[in-house]
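Protein chains in written order, with the numbering used here: chain A, 8 to 489; chain B, 18 to 675.
We put the CB at the ideal spot given by N, CA and C, even for glycine.
Data block below; observations after.
Put into structure tokens, the structure is as follows:
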């Protein structure tokens, strides 16, 4: 209980303190940021591990006739642990990245506030709380997206705002209808709508999927994500490859498994369409990604594709598919953050953002490009990287559910992924290394940026070699819902 | 423990290489010697019928498992042995090429992973090492780091990645279609025979890519000729054998003899036909090559065809297919020996003359007598001259194919005929290779090589001086490396029964052919018909070689449209056309969507531009975007449920909303 409150409040308190510190006190601010992030992360792990072992922690309050409950089940705990752990890495990376940028105070204030709100999404115990935090997340991340304050950034921010709020609107409607049908909104191991039979449930599902699908970037609703890449790199990495988009994915998973339940979804006609929407997003997303020349945009479209892996796993409605989705949630976020961090280092150290101009940058940034290469292999789904396991379980889930096409789609996506990233890495080392090339991986700033990136790559390989290290969490989620 | 030693020793070597700067010690040689001893001592008992297994006790879905049956033991010992020979050869050669440390590091990592592949006990462990091997051996292919090497590297990497992914897909289907737990060597009960056939087909395609099986072979000649010679020798000698190993293991899931029951009776013939195609394609393309390493690489493709054919016929014959399977395993061993030797020989000539074009060489017999002698044995071996190892394995394979042909199956009869044709073709192109390098009139060639020298001398005196030393240095270490392999070839050739008696028959039995030891024990290698057949083949080969050189047939180039480059570029063009169309469609569709959404957007949100409108007397301009959308959606839903589909009492909804 204490740790749950600590996890949720550390970001808010830290954010408020940071807001009070003057712009010039950089060291103090960094200290507070890392302290409160670490505190939140630690509490998250404690809460999460107790949730995996079956203890339920609940925080319930009744305000104005509504029940607000906070209490993680295994799914929420897993999301919380992923998000908070990566927040630590992003915090350290931010210290390096932001040290040559402006408006630190604003940045770190909202950085910490978003931390709290993301954990709020993760630990929400019923639909109303989920909706509230989901909505709040848009507000706390908006200042981060427009951090550069360029016209382009403001425009992207507007787009992000409109897309997210429209989605949230749809969710609110759906929540109201759900309440009218079942009279209950809190998540438990039994789905909210279990047992009800009503053809209008299809429409309810559409509303939910559209609402959460905006942040999960399901294909027709994805346009905000690539333009939101104008944000500073740690923000892009964390919010737009992990926290924000994952809150959408988490919402979809909640809808499928906690609101409807896999048995009900399998009876709905729209439920049968869902895997194909995800499959479409996977393939089209990655194909568009190969056509992008700006590295961050390529990564953004690639994010869209990879998020649908998780959704696809959930939509197969199989235990193995859900296990794959959970594994992918863990594995993908690690590798994608590493990819984004590398992209940030490249653009900061060489000034290149376009892939066609990155020929030969590997000689001045050898470690960065090696990490980038390792992460690219992971995106294809090669051992010894962790994404192999998630991909394997996703395919297995698809085949077990009677849809072998799912496996084929994932294989094709893997092949396109190879064409998407491998040439970038090889080109980076093209040309002879000359004596004059400076090694640009020196200095404190780069140390702060490179260390988290390297650790993430090592963690990815470790999980790949021993998937059992994350298996208890995955198993707990699957057991919870099946 | 034994298994971990096998994998860890090369890894340790790699770490030492990484830490120690400019060490003169040949770590690779030391490591392969240790591993060879460990392999022989450790796997001694395996041949007498006690398979070894080892499981790492890790909780969770995946814990690496290791196993060793006689097949594994054969592959491991072969690998260590060839690696030892190549390690003797490497330092001298790489001094010429440059980047010794990089090469050594990759070689050690590759050795570790290749041993991992052969000893792995389940498909996941196998895949783990398989993928690591792909990445580390990729650095051999791009070693030269020029545009050719990089493009060859792309071929290698992409084909390998796709192959790996196909294997994964095969594993997924295999798991679902049977009670298999993906453990190597297990017998499976099939629940869905159609999916099972697909699974095996995908596994074969995946591993076949690595083995250079037609039509997935086109990466092989490029990659093998782009790598530095020790790399080529190992790639052609051993890495493609990993593909063959995978093929044998995937076929083992089907098992020998119950193909009819589980509906995979067409698998054997299909594999055999693919094998024949691989043989023919490799041979035909090798005939027209002028680049020495490419010729050898195409020859590798063709020889892999022999092995795949043997495997296919044995699968077709089921329990009677011992000969085909033994022939395949036997040929794996022999091919590793002679192909490594041949590449090493070409490498010696290359570092001294800087020439790989066959038509620009010639008369080198006097300059390279030892190399010529060693390569002569290897050439005789690969074309199957009686008394050498190639003859033995080809005879066994031929017996296997004949056995299949006796059942009267049409494909088998043709396979038997084409087997002989390929034999002639092999003899032809190797006669051409040997003639053009060593025997052809020398005056033009020496003139050419002096040309190079004078050119070099004029351009950079310094460099020439350095190179001269290398050129005139002794190549004893390199010759010893080749010599070890040649001696082994002679031993196998003279006592052909040694290998089957010690290990081959046991391995065949271990794979599931129950009566293998007895039936293979009765095999005779020295009979008149086989020997005379081989001699006729060789004679025909030499004759056709003479004919081809005389008539200039060998310098013919295949029509452009046949070349894989052309086909791939046309495929590329097709894909790009489709994607361009798709992109155009996408952009027009997205333009339409954005147009609609923009107009909707401007109608909804640009209140200031006198677009404010009222709904039921409420001025929308004062309400936020979120609420506007909410109202629109709610209105639509209320209209739907009140007017169009009044399912539930409207009042309840209204109450809730308020």
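Asked	Found
Could you spell out the range, first to last residue, of the beta strand (DSSP E) harbouring residue 68 (chain A)?	66-70
Measure the C-alpha to C-alpha separation of residue 197 (chain B) and residue 266 (chain B) and round it to an integer number of angstroms.	13 Å
Please identify, using Cβ separations under 9 Å, the residues of the region 271-290 of chain A that lie next to chain B, in order along the chain.	none
Going by Cα to Cα distance, which pick from A:384, A:265, A:486 and A:288 is closest to residue 145 (chain B)?	A:384
Kindly say whether residue 254 (chain A), judged by its beta-carbon, lies nearer than 8 Å to any beta-carbon of chain B.	no
Would you report the Cα separation of residue 292 (chain B) and residue 262 (chain B), rounded to the nearest angstrom?	15 Å
Does the separation of the CB atoms of residue 418 (chain B) and residue 432 (chain B) fall below 8 Å?	yes
Whole-angstrom Cβ separation of residue 318 (chain A) and residue 296 (chain A), contact assumed at under 8 Å?	Wrong, their Cβ atoms sit about 17 Å apart, outside the cutoff.
Residues in its own chain within less than 7 Å of residue 419 (chain A) by CB, not counting five upstream and five downstream?	290
Thinking C-alpha only, which one of B:190, B:315 and B:66 is nearest residue 520 (chain B)?	B:66
Looking at the structure shown, is residue 193 (chain A) part of a helix, part of a strand, or coil, going by DSSP?	strand
In three-state terms, what does DSSP make of residue 337 (chain B)?	helix
Counting only beta-carbon atoms, is residue 399 (chain A) nearer than 8 Å to chain B?	yes
Pull up the distance between the alpha-carbon of residue 308 (chain B) and that of residue 20 (chain B), whole angstroms please.	40 Å
Touch check for the region 392-407 of chain B and the region 282-290 of chain B: three-plus C-beta pairs under 8 Å?	no
Looking only at C-alpha atoms, which of B:371, B:318, B:401 and B:362 sits nearest to residue 382 (chain B)?	B:362
With the cut-off set at 8 Å, would you say residue 368 (chain A) and residue 359 (chain A) are in Cβ contact?	yes
Go to residue 423 (chain B), then tell me how far its alpha helix (DSSP H) extends in each direction, as first and last residue.	406-423
Give the straight-line distance between the Cα atoms of residue 313 (chain A) and residue 297 (chain B), rounded to the nearest whole angstrom.	43 Å
Pick helix, strand or coil for residue 37 (chain A), following the three-state DSSP scheme.	helix
Distance check for residue 656 (chain B) and residue 190 (chain A), CA to CA, integer angstroms please.	23 Å
Name, in chain order, the residues that DSSP records as bridge partners for residue 72 (chain B).	B:82
Leaving aside the five residues before and after residue 258 (chain A) along the sequence, list all residues of the same chain whose C-beta is less than 6 Å from its C-beta, in chain order.	219
Check the Cβ-Cβ distances between residue 159 (chain A) and every residue of chain B, and say whether any is below 8 Å.	no
Cβ of residue 81 (chain A) less than 8 Å from any chain B Cβ?	no
Pick out the complete alpha helix (DSSP H) segments inside the region 325-377 of chain A, 4 residues or longer, and give them in chain order.	326-357 and 368-371
Roughly how many angstroms lie between the CA atoms of residue 222 (chain B) and residue 311 (chain B), to the nearest whole one?	23 Å
At 7 Å on the CB atoms, spell out the chain B contacts of residue 390 (chain A), in chain order.	144, 145 and 148
Helix, strand or coil for residue 234 (chain B), going by three-state DSSP, please let me know.	coil
Please state the DSSP three-state secondary structure of residue 206 (chain B).	coil
Looking only at its own chain, which residues have a Cβ that is under 7 Å from the Cβ of residue 150 (chain A), when we skip the five neighbours before and after it?	113 and 117
Starting from the C-beta of residue 161 (chain A), find all residues in its chain whose C-beta is less than 6 Å away, skip the five residues before and the five after it, and write them out in chain order.	153
Helix, strand or coil: how does DSSP classify residue 390 (chain A) here?	coil
Does the region 356-374 of chain B come close enough to the region 328-348 of chain B that 3 or more CB-CB pairs lie under 8 Å?	no
Is it right to say residue 468 (chain B) is buried, meaning 16 or more other beta carbons lie within 10 angstroms of its own, or is it exposed?	Reliability of the predicted coordinates at residue 468 (chain B) is poor, the pLDDT of 44 falling under 50, and the value obtained from them is presented with this limitation in mind. So residue 468 (chain B) ends up on the exposed side.
Residue 435 (chain A) CB to nearest chain B CB: under 8 Å?	no
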